[in-house]
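All letters in the sequence shown, in the order written, are residues 3 to 264 by my numbering.
Think of the CB as a built atom: it goes at the ideal place given N, C-alpha and C, for glycine as much as any other residue.
Fair warning: this is a prediction, and the values are worked out from it, not measured in the lab.
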Amino acid sequence: MTLYLSWNKIGAKGAQHLANALHINKTITTLDLKGNTIGHQGAEDLANALQVNKTLTTLELGGNEIGTKGAQALANALRINKTLTSLNLYSNAIGDQGAEDLGNALQINETLTTLTLYGIQIGAKGAQDLGNALQINEVTKILVLPPLQVISSFTQTLTTLDLAFNQISDEGAQDLAYALQINKVTPSFTQTLTTLDLAVNDIGGQGAQDLGNALQINKTLTTLYLVTNEIGDEGAQVLANALQFNKVTTIFVLVLSLHVTS
């Protein structure tokens with residue numbers, strides 16, 4: 003059973019009632035609560051329910067003002083829960099501490115396969131903690147992260163990376179370009195990065211050049227999204243040149259912004 007309640011002004015009190023129901027419910031497998039301003043208290047109540055619920059597999063909590071305390075509660079639940087496979091926490095001010103708590107939980111959890119975390123206001127430390135977790139957790143195959151310097155440490159386990167709306171800028175694009183250059187195909191790599199979404203990230207010409215240079219080396223990426231970035235003519239030219247060198251890529255979707263000629 004799927005319950006869609008997104009954008010319904012449920013708030014913390016409504017989340018509490020739903021959490022109480024999850025303590026005993028045995029039929030709901032998907033619960034969508036995006037955009038309901040449940041706050042950290044609502045997240046804590048739902049987290050408590052996750053520690054006993056054995057049927058819910060997907061929980062959507064994006065855009066709920068959850069914060070660090072809520073993330074900590076959910077992380078504690080992930081240490082115990084053995085049925086949840088997908089958790090969406092995008093656009094919540096989780097911060098580095100929340101990322102650390104989730105990262106620690108991922109080192110224990112063996113069932114979560116999808117964790118969506120874009121737009122959660124974390125820096126290099128939070129990203130490092132999540133990256134370290136993925137070196138231990140071989141079950142979570144798709145992790146959606148905000149910009150980070152340490153992506154190179156776990157690109158071998160990723161197939162899809164969604165970094166849209168994260169103000170990555172040229173500096174972040176440079177870090178990603180470095181990661182793409184070491185993400186090469188070898189017989190031991192059964193899963194590698196194939197899709198990268200960098201839409202709406204203030205990436206300019208320099209960032210585009212770095213990505214283009216990386217694509218001349220990378221042999222696994224098949225889809226790259228660059229919608230609404232300020233890459234300019236020179237950046238577009240470098241990306242186009244890269245595609246002439248990248249002969250391994252059979253399907254390459256390069257989506258540029260409307261500002262490509264600005």
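Check, Outcome
"Measure how close the beta-carbons of Ala201 and Ala238 come, nearest whole angstrom, since I'm counting them as under 8 Å.", "With a Cβ gap of about 16 Å, Ala201 and Ala238 do not count as contacting."
"Which word fits Asn22, buried or exposed, when buried means at least 16 other C-beta atoms lie within 10 angstroms of its C-beta?", "exposed"
"What residue from Asp177, Leu226 and Asp199 has the CA that sits closest to Gln208's CA?", "Asp177"
"Quick check on the DSSP output: what are the complete beta strand (DSSP E) runs of length 3 or more inside the stretch 51–128, in order along the chain?", "60–62, 88–90 and 116–118"
"For Tyr227, does the count of other Cβ atoms within 10 angstroms reach 16, so buried, or fall short, so exposed?", "buried"
"Determine whether the beta carbon atoms of Thr57 and Ser88 lie at a separation below 9 Å.", "no"
"Where DSSP assigns a beta bridge to Leu163, which residues make up the other side?", "Leu198"
"Tell me which residue opens and which closes the alpha helix (DSSP H) that Asp212 is part of.", "Gly207 to Leu217"
"Give me the Cα-Cα distance between Tyr120 and Ala95, rounded to the nearest whole angstrom.", "10 Å"
"Can you list the alpha helix (DSSP H) stretches of 4 or more residues lying completely in the stretch 15–52, in chain order?", "41–52"
"If you reduce the DSSP assignment to three classes, tell me which class Leu245 lands in.", "helix"
"Let me confirm a value: Ala242 is counted as buried when at least 16 other C-beta atoms fall within 10 Å, else exposed. Which label applies?", "exposed"
"Using 9 Å as the threshold, is the C-beta distance between Ala45 and Ala73 below it?", "yes"
"Can you round the beta-carbon distance between Glu232 and Asp204 to whole angstroms, since I take them to be within the 8 Å contact cut?", "7 Å"
"Kindly indicate which residue of Ala79, Lys84 and Gln130 has the alpha-carbon position closest to the one of Glu102.", "Gln130"
"What residues are listed by DSSP as bridge partners for Thr4?", "Thr32"
"How should Thr4 be labelled, buried or exposed, when 16 other C-beta atoms within 10 angstroms of its C-beta is the threshold for buried?", "exposed"
"Measuring only the C-alpha atoms, how far is Thr188 from Leu213?", "With a pLDDT of 34 at Thr188, under the threshold of 50, the predicted position of this residue should be treated as unreliable, though the coordinate-derived value follows. Rounded to the nearest angstrom, the two C-alpha atoms are 21 Å apart."
"Ile96 CB to nearest chain D CB: under 9 Å?", "Of the chains in the structure shown, none is chain D; there is only one protein chain."
"Does Leu228 come out as helix, strand or coil in the three-state DSSP assignment?", "coil"
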